[in-house]
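Heads up, the thing below is written out as structure tokens.
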Amino acid sequence: MAGGEVWAVVGPKGGVGKTTIAANLAVALNRPVGLVDLDVPFANMASLFRYKPTFTWEDWDPEDSIVRRSNRIRENVYLMSAQNEPNMKPKSPLVEKAIDGIEAMRRECGFVIVDNGSWLSDYLEEVCRLANRILLVTTPDQMSIINSLNFLKWIDNQEAQVDIVLNRSSRKLPYKVSELEEVTGCPVSMVLPETPKVTRLSWQGKLMVEVKKRHAWSKEIYQFVRDQVPNKKHVREMSPVATV
Ligand SMILES: Nc1ncnc2c1ncn2[C@@H]1O[C@H](COP(=O)(O)OP(=O)(O)OP(=O)(O)O)[C@@H](O)[C@H]1O
Ligand SMILES: [Mg+2]
1 MAGGEVWAVV
11 GPKGGVGKTT
21 IAANLAVALN
31 RPVGLVDLDV
41 PFANMASLFR
51 YKPTFTWEDW
61 DPEDSIVRRS
71 NRIRENVYLM
81 SAQNEPNMKP
91 KSPLVEKAID
101 GIEAMRRECG
111 FVIVDNGSWL
121 SDYLEEVCRL
131 ANRILLVTTP
141 DQMSIINSLN
151 FLKWIDNQEA
161 QVDIVLNRSS
171 RKLPYKVSEL
181 EEVTGCPVSM
191 VLPETPKVTR
201 LSWQGKLMVE
211 VKKRHAWSKE
221 IYQFVRDQVP
231 NKKHVREMSP
241 VATV
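In the UniProt record's numbering, the protein residues as written are 1 to 244.
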């Protein structure tokens, strides 16, 4: 496997917070990160940043640098977006092209976070296969937990580290976090509280980890990054490309 990290943010239930968490992690990592939106054809990572992508998969030729064909949406974040214009028929890249793109991001940035859709697609299958880390996002309700348990059976990668991310968590859960770990067989690595601030900020194109650094939600993200990426072995100096 080529050097570098690929984290896949997944969750077989719509609206559990995959896109929000992927974006906040990318910014919190504070090192060059390729943020890949594979929730095609309804990609909305760019709109979370209130950003209109200049480049999408359509514009990337595998002979080109993918970083140069990405949107530098933050100092350290290079977004490979997918097309999602309200007045155009949505398009998706070929699965092979998307996977080549993720590998190219891994080579060029050293770190890649892939945001995925909630349905079981060929994209998702391939991304889970090549990821070193799978962040399975769930909300505390039984519907999302049941889907997550089924999803764990579906993943075909024995080598990836799988973490459960419990989002929109309330103070009083109907079960212990340790019970969730037991039933899933995976560590619950982040417990993120329910807060209306997440949505309010997203309307402004701002992220929790940027504006609400001391909030419990952001602290969990920063703690995870500190614990899981303790050294900077993949950090590389990036040549400046077009900024926002
Ligand atoms: N901890 C939270 N507290 C309150 N609202 C949240 C929280 N996390 C996410 N949200 C809100 O939930 C909504 C869905 O979040 P998001 O789009 O990130 O989910 P998703 O899993 O990517 O959805 P999809 O499956 O459609 O891609 C958004 O409005 C977001 O602001
Ligand atoms: Mg999403």
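Cβ atoms here follow ideal geometry from the backbone N, Cα and C, with glycine treated the same way.
None of the values given here were measured: they were computed from a predicted structure.
Pair within 8 angstroms by beta-carbon distance, residue i and residue j
| i | j | result |
| --- | --- | --- |
| Ile164 | Leu25 | no |
| Glu126 | Ile146 | no |
| Val10 | Asn116 | yes |
| residue 265 | Val188 | Because the chain spans 1 through 244 in this model, residue 265 falls outside it and cannot be assessed. |
| Trp217 | Thr195 | yes |
| Ala28 | Val209 | yes |
| Leu130 | Val6 | yes |
| Ala104 | Asn132 | no |
Span of the beta strand (DSSP E) around residue i
| i | result |
| --- | --- |
| Thr138 | 133-138 |
| Pro41 | Premise fails: Pro41 is in no beta strand (DSSP E) and is neither H nor E. |
| Trp7 | 5-10 |
| Glu221 | Rather than Glu, the amino acid found at residue 221 in this sequence is Ile. From DSSP, Ile221 is part of no beta strand (DSSP E) but of the alpha helix (DSSP H) over 216-228. |
| Val114 | 111-116 |
Neighbourhood of residue i by C-beta distance below 6 angstroms, restricted to the same chain and skipping five residues each side
| i | result |
| --- | --- |
| Trp57 | Ala82, Pro93 |
| Met238 | Note on Met238: pLDDT 49, under 50, position unreliable in the model; the coordinate value appears next. Hits under 6 angstroms: Pro32. |
| Ser148 | Leu136, Thr138 |
| His234 | Below a pLDDT of 50, predicted positions are generally treated as unreliable, and His234, at 47, falls in that range; the measurement from the model is reported next regardless. These residues qualify, in order along the chain: Gly4, Gly110, Phe111. |
7 angstroms Cβ shell around residue i - same chain, five flanking residues per side excluded
| i | result |
| --- | --- |
| Ile73 | Phe49, Tyr51, Leu79, Val244 |
| Val191 | Leu166, Ser169, Val177, Glu220 |
| Trp154 | Leu120 |
| Leu201 | Leu207, Met208, Val211 |
Closer than 7 angstroms: residue i CB and nearest ligand 2 heavy atom
| i | result |
| --- | --- |
| Asn167 | no |
| Thr19 | yes |
| Asn44 | yes |
Sequence-distant residues of the same chain with beta carbon closer than 8 angstroms to residue i, five excluded per side
| i | result |
| --- | --- |
| Cys109 | Gly4, Pro32, Val33, Gly34, Val67, Tyr78, Arg236, Met238 |
| Met143 | Lys13 |
| Asp156 | Glu125, Cys128, Arg129 |
For residue j and residue i, believed in contact at Cβ under 8 angstroms, the rounded distance
| i | j | result |
| --- | --- | --- |
| Val36 | Gly101 | 7 angstroms |
| Asp122 | Val95 | 5 angstroms |
| Pro41 | Lys91 | 6 angstroms |
Any non-hydrogen atom of ligand 1 closer than 7 angstroms to residue i Cβ
| i | result |
| --- | --- |
| Asp39 | yes |
| residue 258 | The requested residue 258 is not part of the displayed model; the chain covers only 1 to 244. |
| Ser118 | yes |
8 angstroms Cβ cutoff, residue i in contact with chain C
| i | result |
| --- | --- |
| Glu85 | Here chain C cannot be found, since the structure has a single protein chain. |
Start-to-end residues for the alpha helix (DSSP H) that takes in residue i
| i | result |
| --- | --- |
| Met208 | 208-211 |
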